[in-house]
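Inspection log for the structure reproduced underneath, given as structure tokens.
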Amino acid sequence: MSKENKLIFFSALVLALITQFSYKSQAQTIEAKIKIVSPNLIDVQGAILDAGSLQNERNFSFLTSYAGIENLGARISDVDLSDENKRKIEHKKLIDGEYLTEKRFKFWNYKTKPEDAAANISALARVSSISGEQGILMLDDLLPQFKARNGEKVRAKITFDLPADWKIASAEKPAGENSFEVDDIEKAIFYIGKNWRQREISTGNSKLYFMITGERQFSDSEAFQMAREIYEFYARLFGAVPNKNAQIYLGKLPSDARFGRWEAETRGANITIFSADMAFKTQSLQRLHEQLRHEIIHLWMPNDLNLSGNYDWFYEGFALYQSLKTGVAVNRLRFEDFLDTLSRAHSVDSLQSRKTSLIEASKNRWNGANTQIYARGMLVAFLADVALLRRSKGKNSLSGVFRRIYSEHRASNPRRDGNSAILSILESSEELRPVVEKYIKGAENINWQTELEAFGIESAEENFQTKLKVKAKPNNRQKDLLDKLGYNNWRKLSENSR
Ligand SMILES: [Zn+2]
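Residue numbering for the sequence shown follows my numbering, beginning at 6 and increasing consecutively.
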């Protein structure tokens with residue numbers, strides 16, 4: 006970037022500074038301009054607008070690892086810091102991505118490299134990347150890590166300088182051409198590039214924006230329709246929708262990615278999915294439905310819950326179970342597949358050589374406990390669901406628990422510790438107390454014979470593999486309970502459509 010450009014930008018900043026004073030309550034803490042110089046180089050300039058509200062005034066540091074992706078700090082170079090009079094401030098590099106300055110700085114400028122999508126597929130949905138004419142910019146790894154003094158979110162005004170013809174899409178509030186007001190840097194994502202197809206899906210009083218890139222085996226409208234169906238299902242399940250409009254970005258993995266490979270993450274109101282096609286269209290559609298069921302539920306939990314700490318066993322394990330049940334409920338998944346998934350989870354859990362509780366496992370998610378959180382978390386959600394259904398003769402289920410958690414802890418409520426908030430709601434049901442004691446706080450082997458029997462489900466073990474199946478002749482009570490899990494869903498649906 007030339008010096009002249011820099012000057013124009015900073016005078017715009019000064020102007021912004023003056024106008025900021027008139028509405029302090031919504032004031033931004035920082036301001037930044039992000040310029041895409043080339044697919045592997047981004048130039049970032051910025052300023053601290055409200056130094057008084059920030060901690061660590063002499064630290065200039067960046068996200069160094071995220072979700073198992075390491076060395077993010079190594080992408081940062083050419084760091085240049087200055088004070089309010091634009092006088093250079095000396096700094097010392099402590100490690101990659103961490104700098105200590107002599108004194109307080111106001112203006113900053115540096116260069117960073119987005120991930121190369123082709124080189125690191127597993128990083129694709131999780132950190133900023135650009136490949137060809139598509140990119141995803143995530144402020145959490147692009148901008149310095151500032152911490153507000155009062156523990157509040159760091160607000161920012163962000164302006165983008167994009168290659169000619171590139172578009173930008175975001176759930177953040179627009180504030181002029183390619184500019185946005187961001188209320189939480191950590192959660193903000195911007196999709197940039199060209200040639201994506203977009204649909205605005207209105208459901209009730211909320212909007213969902215869906216973007217698709219690349220040629221797929223299925224049609225765009227099949228994907229849009231799926232997203233709507235799932236979103237509306239969860240809106241009914243939770244009894245309300247998140248305040249912020251959500252967006253879904255479905256990108257295609259590089260052509261050398263193997264069949265069926267995919268990466269996905271839901272951050273704030275943004276769902277990013279990268280996938281390769283499966284061998285056949287029906288499989289690709291089924292896979293997309295599975296991805297959307299799992300990611301869309303995250304818009305509610307954990308993303309719209311004001312809960313802190315590592316309670317991944319709940320928002321991953323219980324989410325996985327509910328998304329499985331949703332698949333059966335909307336008739337996209339057979340009941341046999343539902344049972345097969347639970348069987349596999351049970352086999353995985355039984356084979357764990359060292360058992361830890363779900364609470365402990367959630368603290369170590371990226372250090373090898375990931376599978377356990379999903380597998381055991383899903384099994385425990387199933388056990389909770391069947392315990393509630395059995396005791397209430399089919400009147401209560403896990404749906405009621407989800408609805409209660411969302412109404413008591415959604416974003417407008419005070420911040421609470423996730424583990425204690427969820428556990429106290431689960432423990433308020435007498436029938437769930439043993440589930441919490443044995444399997445969430447404790448590390449006992451899953452013993453589900455009694456529950457399965459009540460539902461007329463049989464479990465067999467063969468070569469260390471669990472196999473669940475519905476009895477040949479379940480009695481009426483068992484049939485009623487099975488129906489609550491979706492056993493006869495396909496029949497009900499076909500009768501209704503007659
Ligand atoms: Zn998830």
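For each residue, glycine too, the CB sits at the ideal point set by N, CA and C. Because the structure is a prediction, the values reported are computed rather than measured.
By Cβ distance below 6 Å, which residues in the same chain neighbour A128 in space, the five residues on each side in sequence not counted?
I74, E120
Roughly how far, in whole angstroms, is the beta-carbon of G57 from the beta-carbon of I81, given that I think they are within contact range, below 8 Å?
Contact flag wrong, Cβ pair sits at about 26 Å.
Chain-order list of residues whose beta-carbon lies under 8 Å from that of H414 (same chain, five-residue window excluded)
L310, N311, L312, R421, A426
My understanding is that T208 touches A251, with C-beta atoms under 8 Å, so please give their C-beta distance in whole angstroms.
Not confirmed; about 10 Å, so no contact.
Pick from G322, S362, V335, P44: whose alpha carbon is nearest that of T346?
G322
Excluding five sequence neighbours on each side, which residues of the same chain lie with their C-beta closer than 8 Å to the C-beta of D485?
K398, G399
On the criterion of 16 or more Cβ atoms from any shown chain inside 10 Å, does G156 qualify as buried, or is it exposed?
exposed
Are the CB atoms of V132 and I163 within a distance shorter than 7 Å?
no
Taking 6 Å as the cut-off, is the CB of E321 close to at least one heavy atom of ligand 1?
yes
Just reading off the beta strand (DSSP E) that D85 is part of, what are its end residues?
82-87
Look at the Cβ atom of I276, then the Cβ atom of I253, and state whether they are nearer than 7 Å.
yes
Would you mind reading off the limits of the beta strand (DSSP E) that contains N110?
Rather than Asn, the amino acid found at residue 110 in this sequence is Phe. That residue, F110, is in no beta strand (DSSP E); it is neither H nor E in DSSP.
Compare the C-alpha of D317 against each of A284, T331, Q377 and name the closest.
Q377
Look at S226 and Q150 and say whether their C-beta atoms are less than 7 Å apart.
no
Pull up the DSSP beta-bridge partners for A232, would you.
Bridge partners of A232: none, in fact.
From the DSSP output, in three-state form, read off R339 for me.
coil
Say whether chain D places a C-beta atom closer than 7 Å to the C-beta of A123.
Within the model displayed, chain D is absent; a lone protein chain is all it includes.
Taking DSSP's pairing of strands, which residues face V187 in a bridge?
A161
Using a Cβ-Cβ cut-off of 7 Å (strictly less than) and excluding sequence neighbours within five positions of P479, which residues of its own chain qualify?
G461, L487
Through-space distance from M306 to L428, alpha-carbon basis:
15 Å
L325 and Y411 closer than 7 Å at C-beta:
no
Relative to the C-alpha of S260, which residue among A123, S328, H299, F223 is closest?
A123
Is Y28 helix, strand or coil by DSSP?
With a pLDDT of 36 at Y28, under the threshold of 50, the modelled position of that residue is not reliable, and the figure given next carries that caveat. Helix at Y28.
Between the CA atoms of A228 and H294 - distance to the nearest angstrom
8 Å
Run through DSSP, which three-state label would V132 get?
coil
Under 7 Å between the Cβ atoms of S355 and Q470?
no
If I measure Cβ to Cβ from I94 and keep anything under 7 Å in the same chain, skipping five residues before and after, which residues do I get?
L86, S87, D88, T106, E107, K108, F110
Starting from K368 and walking both ways along the alpha helix (DSSP H), at which residues does that stretch end?
363-368
Per DSSP, which one or two residues make a beta bridge with T277?
Y254, E270
Taking the CB atoms as reference points, tell me whether I278 and A269 lie closer together than 7 Å.
yes
Identify every residue that forms a DSSP beta bridge with A465.
K472
From R438, A130, N375, G140, pick the residue whose C-alpha is nearest to that of I41; which is it?
G140
Separation of A459 from S134, as counted between CA atoms:
50 Å
Expected contact under 8 Å - CB spacing of F238 and A386 to nearest Å
No, F238 and A386 are not in contact; Cβ-Cβ is about 17 Å, not under 8 Å.
For G273, which of E234, K192, S289, K212 has the nearest alpha-carbon?
K192
I'd like to check one pair, K172 with Q222: are the Cβ atoms closer than 7 Å?
no
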